[in-house]
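Residue numbers (the numbering used here): 16 to 334.
Quick reminder that beta carbons are idealized off the backbone N, C-alpha and C, glycines included.
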Ligand SMILES: [Zn+2]
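This is the structure:
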């Protein structure tokens, strides 16, 4: 179990031991915080035939099947990368929970990235949540409860996951001893340690530095726009997020937050310059960035260089 998940694991063990486990739990947290690792541990305990001190024993029939991911009473929905989770999937889930468990302990259903449920799927799920079948555990995982129907959220017990910063940083340093781990790295990755590790391992930090440095260079030498655009495009969609965060930092700087507290403190001169721009321009650029991201997603044939040039012009030169 990842160290920052321990408090949630302990709390679940207590609730499980007191037999006050709700039928449905909603786990909310950014991608890469470890929601599915936690859900897996919870499901293992729920299904284990002889838990030892509220921990799955690891060797009973149920535990062995769980390890092989072939437990007949444990189903995971939304494991594919499909854009949405349809009503048929949820009907399947409801039917599974209605059936008697094959091994006797109970039934578990996990919905990954539950925010992908269509409206029809959510409505179908509501019926199951209103009359939960006995001896079942439904776990919904999402990065944002706002993306679900409020009626779904209100029928689940909501657990919001966060990684304690010092613990997360210490863990990351262990995993990537050769890297310099800073709180900013974690913040840029929504405070999610697993996501941060992938980011480090896949060269995300080098890419981010390249995009911001190219932007800095463009400020002084506008004719380097082609290099900047190339860099930007190759790091999409992350580059949109980095630029949004950079603008947010500039706004914070305007409001008196000190440089050291900002995520992009390592690009102090660019930030200081941006902070001299009117707040309306920064807010407008932030909004335009979201639209830009959306339009490039919707129209893959669009020419980014024209759109980017427009955006840069607004941010750097517009009065
Ligand atoms: Zn067991």
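Considering residue i, what are the terminal residues of the beta strand (DSSP E) in which it resides?
i: residue 92; result: 89-92
i: residue 174; result: 172-175
Return the Cβ separation of residue i and residue j in integer angstroms, given the expectation that the two are a contact with Cβ distance under 8 Å.
i: residue 80; j: residue 130; result: Actually they do not touch by this definition, with Cβ atoms about 29 Å apart.
i: residue 154; j: residue 128; result: Not a contact, Cβ separation roughly 12 Å.
i: residue 206; j: residue 160; result: With 8 Å as the limit, residue 206 and residue 160 do not qualify as a contact, their Cβ atoms being about 16 Å apart.
i: residue 62; j: residue 77; result: 5 Å
i: residue 89; j: residue 58; result: 6 Å
i: residue 329; j: residue 296; result: 7 Å
i: residue 264; j: residue 278; result: 6 Å
i: residue 301; j: residue 262; result: 5 Å
i: residue 226; j: residue 254; result: 5 Å
i: residue 176; j: residue 43; result: 7 Å
i: residue 122; j: residue 107; result: Not confirmed; about 13 Å, so no contact.
i: residue 53; j: residue 92; result: About 17 Å separates the two Cβ atoms, so there is no contact after all.
i: residue 56; j: residue 16; result: 6 Å
i: residue 172; j: residue 304; result: Not quite, the Cβ-Cβ distance comes to about 36 Å (not below 8 Å), so this is no contact.
Does ligand 1 have even one heavy atom less than 8 Å from the beta-carbon of residue i?
i: residue 65; result: yes
i: residue 77; result: yes
i: residue 72; result: yes
Would you mind reading off the limits of the alpha helix (DSSP H) that contains residue i?
i: residue 267; result: 253-269
i: residue 221; result: 219-235
i: residue 200; result: 198-203
i: residue 158; result: First-last for residue 158: undefined, no H or E at that position.
i: residue 33; result: Segment: none, residue 33 is in no alpha helix (DSSP H) and carries neither H nor E.
i: residue 52; result: 50-62
i: residue 76; result: 76-82
i: residue 180; result: 180-190
i: residue 247; result: 240-249
i: residue 211; result: 208-216
i: residue 168; result: 165-169
i: residue 326; result: 319-331
Tell me, which residues are paired with residue i by DSSP?
i: residue 123; result: 89, 152
i: residue 39; result: 153
i: residue 100; result: 132
i: residue 107; result: Answer is none; residue 107 lacks a bridge partner.
i: residue 70; result: 67
- prompt: Fully enclosed by the region 278-303, which alpha helix (DSSP H) runs are 4 residues long or longer?
  reply: 283-290
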